[in-house]
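Protein chains in written order, with the numbering used here: chain R, 326 to 1079; chain Y, 485 to 565. Okay, so here's the structure we're looking at.
The following block contains the structure:
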């Protein structure tokens, strides 16, 4: 990588300002095109038949009646998606999840699909498909699935990570362990020890836009896919592999995205739409219903976590330990492992141990959800930290400050930290007026910390300068949170021009080199690095063109505030040349002016946040209302502060829903009971207070502007902050998320009964 | 020569050792020698391993140099949302 990513400490003209978002008007007027807004001539309607059983052998599928129905153009089963994964276990799981092969593994698992001339015909065709199931016992609860007598979901799963390979298969796909020091010795030094078990229920990302795509496979082996995704290049790779297509012959265009939060990092319906199109010889549009999104896309894990923390009288934590059990759906995952890595990452600990268990259950395949796995671990740990502070008799903020990780601390997941922001967020919370706001009867205050890694990845960007001096910026990271505005600010900053001169777009997979998807809070971090690099390459060309126009050496041309400047006394009579003037002459000085960049944007800085929350709990109904909420988070450098604040507020809002209401509810039959927004209640505007934000800027040393990712960390502290607030309001430690009214009433009743 | 610390489940691939001394100038050479010296690492490398160098995590920059005396930590390649 011929690019120096180190932080330079420069001052800014454009970065840090708050211009209007370029996609705003289209979105509020309905002109913006989302996944389902795209249509192709002659397209068919795709529909998927899903298993009504949580666990069943598929003995036979008879599609003959459906195929004979007038208007049906294709019917597919797993036979039409043969295994081309060449031993790649992860991709095979993805394939099996897209279309069940031998067994249906959860309520909603796809077993067949049709393409027909209209939705009515497609629905009729689904009813004509006969599936012969042998229903098997199922398990949906994380703790029950670990029992030796639990129904076995996959007899090829033998727990990894044990000293010896087990002799019997089980529902535990992997055990992982992190930590350092000696926790037994640490607990022996403790004057106070808190030990408690916690549970969190499964939640969905709750993006407003369902999965949607239009697929068109041509007889010559070329194909197009228009899709709502967080990563169209990754979707291209996966679909090409699963369908046996050549990567460069599959062109994937990403639509606007109505939310993803990790749930659109994974293919679900897209390979099915491509297979239908290939069989029918016509384009196929496939749009999931909300019911399908809940039953058959990728929610987060349900968890069961034990935490034990010990401290001396002076408030020093001497040992910390956690066992974390996370559901993965019916396929192996690494969700508990991430929980084990993040659980104690906020703290400076001499003795720490975390153990994670990945647990298979008959629920949909778990997918990432905004800082995946970290919120549940933080809920358990931060609840225990609060309880321990109370037992010692120390203020919970002071307790955390005393034990906070800092530069040079060995993280609980292994490496030693560089410059980090947990201490400053805690100090800011300590001084925040929110901490001194009065509380009334039945109200309580809680606070909590959170950590997320952030990461970068492969990134490719093109910057083209038009002959009128305007700039088009083509990026390959999908804009999920305002990155087009942020990246336009970065291009304007580097080139020294006004933000209004830059127009950023998300290019399709045939127009730009490969980009990893927008996940891990990497969109602005990575693509801003590539944009800086592309702009600097364009400036080299601009200087060369100015040198030609002046007929002087390029070594004598500098670039200052959007202008070429001739250096040295011998060029004293030459006036500056603006970018616009140089662009206007580009046809006569060598052709178009552009800058390109391809790089791996590694070195994303870790991120910390601390949240404060006030709640009021109605002791008669158990209903909780959040009355005040504050987010303090380190952004490294906020490129567009309004968008950064939006990320902070969005994470808090999602966390509030998760903490208080949202949960997958399964019946005894293993079927999801609440696959819709009426029964699975996400917070709406009227449920939320104004969420106050405070941006801290502790520069990331591995980015020229100091940028860190900001998208995910904001969902890590809310479960714990709200649980601490509710516990303080009702005087009972809440240990089960969501803290829905029935659960709060049950906790109060249990407390009364002793 | 750099000393590499392995996270929990990786140490099984190194015969139970949690630290390895390896002569490597960059991540590419480190991975190559890990696979040569401990073949059980190969499938893990295929699955994805990240390298923390003095606390900064690198996932794909295989040309990243390993400074003498740096703390090198191998971690699983993470998913994000």
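We put the beta carbon where it would ideally sit given N, CA and C, even for glycine.
Excluding five sequence neighbours on each side, which residues of the same chain lie with their C-beta closer than 8 Å to the C-beta of residue i?
i             : result
residue 651/R : 467, 626, 627, 628, 658, 660, 661, 664, 681, 682, 683, 684, 691, 698, 701
residue 374/R : 435, 436, 437, 438, 439, 451, 454, 456
residue 494/R : 477, 479, 480, 481, 482, 483
residue 394/R : 441, 446, 449, 450, 453
Alpha carbon to alpha carbon, how far is residue j from residue i? Give it in angstroms, no decimals.
i              : j              : result
residue 724/R  : residue 666/R  : 22 Å
residue 710/R  : residue 1006/R : 29 Å
residue 745/R  : residue 1035/R : 14 Å
residue 726/R  : residue 750/R  : 9 Å
residue 789/R  : residue 741/R  : 41 Å
residue 471/R  : residue 464/R  : 10 Å
residue 982/R  : residue 739/R  : 32 Å
residue 420/R  : residue 606/R  : 22 Å
residue 1082/R : residue 371/R  : Outside the displayed range of chain R (326 to 1079) lies residue 1082/R, so it cannot be described from this structure.
residue 487/Y  : residue 576/R  : 44 Å
residue 538/R  : residue 1000/R : 21 Å
residue 719/R  : residue 836/R  : 58 Å
residue 1038/R : residue 987/R  : 19 Å
residue 641/R  : residue 1078/R : 35 Å
residue 1069/R : residue 1060/R : 10 Å
How about residue i and residue j: are their beta carbons less than 7 Å apart?
i              : j              : result
residue 621/R  : residue 632/R  : no
residue 815/R  : residue 853/R  : yes
residue 855/R  : residue 786/R  : yes
residue 839/R  : residue 783/R  : yes
residue 722/R  : residue 755/R  : yes
residue 635/R  : residue 776/R  : no
residue 868/R  : residue 884/R  : yes
residue 949/R  : residue 985/R  : yes
residue 831/R  : residue 796/R  : no
residue 534/R  : residue 694/R  : no
residue 703/R  : residue 1045/R : yes
residue 1080/R : residue 523/R  : The question about residue 1080/R has no answer here: the residues shown for chain R are numbered 326 through 1079.
residue 339/R  : residue 934/R  : no
residue 921/R  : residue 901/R  : no
residue 1020/R : residue 956/R  : no
DSSP beta-bridge partners for residue i?
i              : result
residue 632/R  : 521/R, 647/R
residue 829/R  : 798/R
residue 782/R  : 926/R
residue 1059/R : Looking at the DSSP assignment, residue 1059/R forms no beta bridge with any residue, so it has no partner.
residue 788/R  : 798/R, 920/R
residue 428/R  : 382/R
residue 712/R  : Its beta-bridge partners do not exist; DSSP assigns none.
residue 537/R  : 612/R
residue 655/R  : 653/R
residue 541/Y  : 536/Y
Let me check understanding here. Comparing Cα to Cα, which of the options lies closest to residue i?
i             : options                       : result
residue 542/Y : 512/Y, 500/Y, 517/Y           : 512/Y
residue 578/R : 561/R, 586/R, 585/R, 588/R    : 561/R
residue 676/R : 500/R, 874/R, 1033/R, 510/R   : 510/R
residue 809/R : 965/R, 669/R, 889/R, 944/R    : 965/R
residue 501/R : 349/R, 513/R, 487/R           : 487/R
residue 489/R : 487/Y, 493/Y, 485/Y           : 493/Y
residue 594/R : 551/R, 365/R, 573/R, 1060/R   : 551/R
residue 894/R : 644/R, 877/R, 908/R           : 877/R
residue 574/R : 833/R, 1011/R, 938/R          : 833/R
residue 656/R : 923/R, 423/R, 1071/R          : 423/R
residue 679/R : 524/Y, 487/Y, 491/Y           : 491/Y
residue 781/R : 551/Y, 525/Y, 509/Y, 540/Y    : 540/Y
residue 380/R : 1062/R, 1019/R, 1059/R, 995/R : 995/R
residue 586/R : 563/R, 617/R, 530/R           : 530/R
residue 866/R : 919/R, 939/R, 874/R           : 919/R
residue 415/R : 549/Y, 485/Y, 537/Y, 530/Y    : 530/Y
residue 597/R : 612/R, 771/R, 590/R           : 612/R
Please return the same chain residues whose Cβ sits closer than 7 Å to the Cβ of residue i, not counting the five positions on each side in sequence.
i              : result
residue 1015/R : none
residue 392/R  : 400
residue 408/R  : 417, 420
residue 1032/R : 849, 850, 853, 961, 962, 964, 1025
Counting only the same chain and skipping the five closest in sequence on each side, list residues whose C-beta sits under 6 Å from that of residue i.
i             : result
residue 433/R : 375, 620, 621
residue 654/R : 688, 689, 690, 691
residue 731/R : 748
Against chain C, with Cβ distances strictly below 7 Å, would residue i count as a contact?
i             : result
residue 536/Y : Annotation note: the requested chain C is absent from the structure, which comprises protein chains R and Y.
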